[in-house]
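Chains as they are written, first to last, in numbering that gives the first Met the number 0: chain G, 0 to 345; chain V, 0 to 345. Even for Gly, the Cβ is constructed at its ideal location relative to N, Cα and C.
2 protein chains.
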Amino acid sequence: MEKITINDIARLTGLSKGTVDRVLHNRGEVSKKSYQKVMDTIKELGYEPNLYASLLARAEQRTIALLLPAHEPGTYWELAAKGEAKAQAAIKPLSLVTRQFNYNQYSADSFREACARVLESNPAGVVMAPMFQYETQVFAQELQTRSIPYSLIDTKLETPGYLSFYGIPAYKSGYLCAAMLIGEGPVKEVLIVRIMRDKGRQSDPTVLRRSGFMDYMLEHNPGCTIRSLFIDPEDPAATDSALDAFFDEFPGVRHIAMLNSRVHLIVPFLERHPIDIRVVGFDNLDANLDALRRGTVSALIAQRPEEQVHQAIQALADRIVFQRFPEKTDNYQHMDILIRYNAEDY
Amino acid sequence: MEKITINDIARLTGLSKGTVDRVLHNRGEVSKKSYQKVMDTIKELGYEPNLYASLLARAEQRTIALLLPAHEPGTYWELAAKGEAKAQAAIKPLSLVTRQFNYNQYSADSFREACARVLESNPAGVVMAPMFQYETQVFAQELQTRSIPYSLIDTKLETPGYLSFYGIPAYKSGYLCAAMLIGEGPVKEVLIVRIMRDKGRQSDPTVLRRSGFMDYMLEHNPGCTIRSLFIDPEDPAATDSALDAFFDEFPGVRHIAMLNSRVHLIVPFLERHPIDIRVVGFDNLDANLDALRRGTVSALIAQRPEEQVHQAIQALADRIVFQRFPEKTDNYQHMDILIRYNAEDY
DNA sequence: AAAATTTCCGTTACCGTGCACGGAAATTCA
DNA sequence: TGAATTTCCGTGCACGGTAACGGAAATTTT
Chain G
0 MEKITINDIA RLTGLSKGTV DRVLHNRGEV SKKSYQKVMD TIKELGYEPN LYASLLARAE
60 QRTIALLLPA HEPGTYWELA AKGEAKAQAA IKPLSLVTRQ FNYNQYSADS FREACARVLE
120 SNPAGVVMAP MFQYETQVFA QELQTRSIPY SLIDTKLETP GYLSFYGIPA YKSGYLCAAM
180 LIGEGPVKEV LIVRIMRDKG RQSDPTVLRR SGFMDYMLEH NPGCTIRSLF IDPEDPAATD
240 SALDAFFDEF PGVRHIAMLN SRVHLIVPFL ERHPIDIRVV GFDNLDANLD ALRRGTVSAL
300 IAQRPEEQVH QAIQALADRI VFQRFPEKTD NYQHMDILIR YNAEDY
Chain V
0 MEKITINDIA RLTGLSKGTV DRVLHNRGEV SKKSYQKVMD TIKELGYEPN LYASLLARAE
60 QRTIALLLPA HEPGTYWELA AKGEAKAQAA IKPLSLVTRQ FNYNQYSADS FREACARVLE
120 SNPAGVVMAP MFQYETQVFA QELQTRSIPY SLIDTKLETP GYLSFYGIPA YKSGYLCAAM
180 LIGEGPVKEV LIVRIMRDKG RQSDPTVLRR SGFMDYMLEH NPGCTIRSLF IDPEDPAATD
240 SALDAFFDEF PGVRHIAMLN SRVHLIVPFL ERHPIDIRVV GFDNLDANLD ALRRGTVSAL
300 IAQRPEEQVH QAIQALADRI VFQRFPEKTD NYQHMDILIR YNAEDY
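Okay, here's the thing in structure tokens:
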């Protein structure tokens, strides 16, 4: 089981390793005859280049671009950004670094502009959390022509030739949310609190999540009335009064779901009005975890965005450095259920 | 931002790279003074060895030994063994391989014998799931004198100089189990099904788990009667009749907990007797997951043993190859709550 | 046919570490 | 004090590829 090296090939073909190298990277300047001879004996001996030697000789640092929505402290995308740090450490020994590019998740223009910046940086790979179907496709197309591999996280938009996807199944997460909210028991009415800005937009995962929620309700609790209330994350006072007005009108509601990461927005209201309400939300933001530990929120469904970026970066690194392709393209992750008693070590 | 190499260190200290190398791998033959000087400038310049060059130069394979209880198909320890495969792939580029050594978890002799085999194989590191306090300490001692780093998983026994521990907090897991079983509601009586063989043994995590369970009951439901039933995993018929007898005597019981991974053992009984019983168990064995999906088991608390071995191996690899020490020695993992609706993508 | 190109290939100096080998300096022994 | 060890350290090759450089051979141009 001897290791075949480039020198063996050179010796056997009667050529020099310089020529063999030229063949391997087909950068020309080799006669047809020599080319064939080298290719043949490579195949015959099953030669495989030594990655380390190759990387050592090249010794350049390549970078993986991270294309994420801009994030304020304490918001969902900040969690994702945290995964970058972990991944950094892991890929550093591979001479890879990451670099983050942000865009405004409510502006396609800003996304386009961020894409341009990414391309300009000439990355070895890209991890992105896409929001805009069309723009993302255009970008993916461009990446493909430049043969830059890319992975998707969070939202799986249909784009050509992505290396891998990491995220939770959106529909099922809504279904699970409903199950956590009402269980099997009959409930007369539930409230879904939604974000005003999302009203027109209806991003893909939000729609799917709500549809999973609705289906669970239909299957397990068809008689239940589902009410909606829109709040403005920028305006806590308005949020409070909207909730006040809502409970004036529908005082019997005892179950609230929020299908996004913003459940902490309604926590102040809930804690001022000591009615026993069951509340289920998403994602392990610090503010959410605090509310969970205090008992104001009953359960959270968490999707570990840190893990998503971590794994996506890892997959890209494997592809870039080792030419390894992931076994599965679509990696749906486990949805974590957090309650008061298992949130501590999270 | 120039890359610091071993030559830079040599030049700056006025020594040769041979000496620097000896310091880096502390294989002696270096005077105290030189050692200090090298260490200082390494730290000062933030030198990090080039992985590729190192691997290229060495090109030998070292092995990490995995010391686990022997596992039949479909048992808890089989899950742990699965983590080995994942870790294999990750550490392969580091010229590391893993090798598994098994012992009978009910025989200290067999453990001792397995330890001997591990030592004989001269591993670069050891990951072990210990069961026997005394024997484990002896073994750990021996590893230390040979300066072989080791990590613990699953059960944290007090041993000298372990590199890291990965597992779930045993006490809290029992507490959580009780919470999942009865929630806040008052319950008159619950049944804990236990494994006969464990009766005398009382391994550390089992005791802690039960005590967490009891404390939750005491705090949230003091009036509840807690009954125990011992079953023999080797004898399904006896298990069935024991359960039959139990429910003849206490027909009112509607809540069952099993504080180990064997909840699947009582599933056949439960599915033949269509009483609406809430059942909570541990660990994502296939048989348990199936029962969960069918609704026979209400919830499982999973501890991802695959992750435990994976991370433990990774930590060891970091230590062995990069001389990097983990930030935290004790890594308590998150306890996953599995119910019917989030078990699919697990 | 000589000169000018072009094509093709071998040589060689790296890349950053690991480690065997041998020798100088310091220490211990006789 | 000289010999024998021991301690400590430098030298130099190996690991397997990469790519610049320059030169010989083949081809084209004048």
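Under the three-state DSSP convention, the category residue i falls into
{"i": "isoleucine 230/G", "result": "strand"}
{"i": "aspartate 282/V", "result": "coil"}
{"i": "alanine 69/G", "result": "coil"}
{"i": "glycine 124/G", "result": "strand"}
{"i": "valine 192/G", "result": "strand"}
{"i": "tyrosine 345/V", "result": "coil"}
{"i": "asparagine 259/G", "result": "coil"}
{"i": "histidine 219/G", "result": "helix"}
{"i": "isoleucine 265/V", "result": "helix"}
{"i": "isoleucine 8/G", "result": "helix"}
{"i": "threonine 328/G", "result": "coil"}
Distance CB(residue i)-CB(residue j) smaller than 9 Å
{"i": "histidine 309/V", "j": "aspartate 344/G", "result": "no"}
{"i": "phenylalanine 212/V", "j": "arginine 226/V", "result": "no"}
{"i": "arginine 61/G", "j": "isoleucine 312/G", "result": "no"}
{"i": "asparagine 283/V", "j": "tyrosine 165/V", "result": "no"}
{"i": "leucine 258/V", "j": "arginine 303/V", "result": "no"}
{"i": "threonine 135/V", "j": "threonine 158/V", "result": "yes"}
{"i": "tyrosine 215/G", "j": "tyrosine 340/V", "result": "yes"}
{"i": "proline 148/V", "j": "leucine 315/V", "result": "yes"}
{"i": "tyrosine 161/G", "j": "threonine 12/G", "result": "no"}
{"i": "lysine 36/V", "j": "leucine 14/V", "result": "yes"}
{"i": "leucine 95/V", "j": "alanine 123/V", "result": "yes"}
{"i": "methionine 130/V", "j": "phenylalanine 100/V", "result": "no"}
{"i": "leucine 66/G", "j": "alanine 113/G", "result": "yes"}
{"i": "valine 223/G", "j": "glutamate 188/G", "result": "Checking the displayed sequence, the identity of residue 223/G turns out to be cysteine instead of valine. Against a cut-off of 9 Å, the Cβ pair of glutamate 188/G and cysteine 223/G comes out as a contact."}
{"i": "alanine 348/V", "j": "isoleucine 336/V", "result": "This structure gives no information on residue 348/V, because the portion of chain V shown stretches from 0 to 345."}
{"i": "leucine 346/G", "j": "isoleucine 265/G", "result": "Nothing about residue 346/G can be reported from this structure: the residues present for chain G run from 0 to 345 only."}
{"i": "isoleucine 194/V", "j": "aspartate 231/V", "result": "yes"}
{"i": "alanine 346/G", "j": "glutamine 307/G", "result": "Residue 346/G lies beyond the residue range present for chain G, which begins at 0 and ends at 345; the question has no answer from this structure."}
{"i": "alanine 9/V", "j": "lysine 2/V", "result": "no"}
{"i": "tyrosine 133/G", "j": "alanine 107/G", "result": "yes"}
{"i": "tyrosine 34/V", "j": "aspartate 7/V", "result": "no"}
{"i": "cysteine 252/V", "j": "leucine 299/V", "result": "Here residue 252/V is valine; the residue named in the question, cysteine, does not match the sequence. No, these two residues do not count as a Cβ contact at 9 Å."}
Partners in chain V for residue i, counting only beta-carbon separations shorter than 9 Å
{"i": "glutamine 346/G", "result": "Nothing can be reported for residue 346/G: it is not among the residues displayed for chain G, which extend from 0 to 345."}
{"i": "alanine 178/G", "result": "Ile338, Arg339, Tyr340 and Asn341"}
Where residue i meets chain V, residues with beta-carbon distance less than 7 Å
{"i": "alanine 256/G", "result": "Neighbours of alanine 256/G on chain V: none; closest Cβ ~14 Å, over 7 Å."}
{"i": "leucine 175/G", "result": "Tyr340 and Asn341"}
Residues that residue i contacts on chain G, provided the C-beta gap is smaller than 9 Å
{"i": "aspartate 335/V", "result": "His333, Asp335, Ile336 and Asn341"}
Residues that residue i contacts on chain V, provided the C-beta gap is smaller than 8 Å
{"i": "phenylalanine 321/G", "result": "Pro92"}
Of the residues that make up the region 289-319 of chain G, which ones have a beta carbon closer than 7 Å to any beta carbon in chain V?
Taking 7 Å as the cut-off between beta carbons, none of the residues of the region 289-319 of chain G comes near chain V.
Which complete beta strand (DSSP E) runs does the region 85-121 of chain V hold, if anything under 3 residues is left out?
DSSP assignment within the region 85-121 of chain V yields the following whole beta strand (DSSP E) runs of 3 residues or more, N-terminal first: 95-102.
Under 8 Å, CB to CB, which of the residues in the region 49-68 of chain V have a partner in chain G?
Flagged, chain order: Asn49, Leu50, Tyr51, Ala52, Leu54 and Leu55.
Listed from N- to C-terminal order along the chain, which residues in the region 113-135 of chain G have their beta-carbon within a distance smaller than 8 Å of any beta-carbon of chain V?
Of all residues in the region 113-135 of chain G, none has a Cβ within less than 8 Å of some Cβ in chain V.
Given a limit of 9 Å on CB to CB distance, which residues of the region 163-174 of chain V reach chain G?
Answer set for the region 163-174 of chain V: Ile167, Pro168, Lys171, Ser172 and Tyr174.
Could you tell me which uninterrupted beta strand (DSSP E) segments, each at least 3 residues in length, are contained entirely in the region 276-320 of chain G, listed from first to last along the chain?
Entirely contained in the region 276-320 of chain G, the beta strand (DSSP E) runs reaching 3 residues are, in chain order, 277-281 and 298-301.
Tell me the start and end of each unbroken alpha helix (DSSP H) in the region 134-187 of chain G that is at least 4 residues and wholly inside, in chain order.
Listed in chain order, they are 169-181.
Could you give the uninterrupted runs of the alpha helix (DSSP H) lying entirely in the region 10-85 of chain V, keeping only those of 4 residues or more?
Counting whole runs of 4 or more residues, the region 10-85 of chain V contains the alpha helix (DSSP H) stretches 16-23, 31-44 and 50-57.
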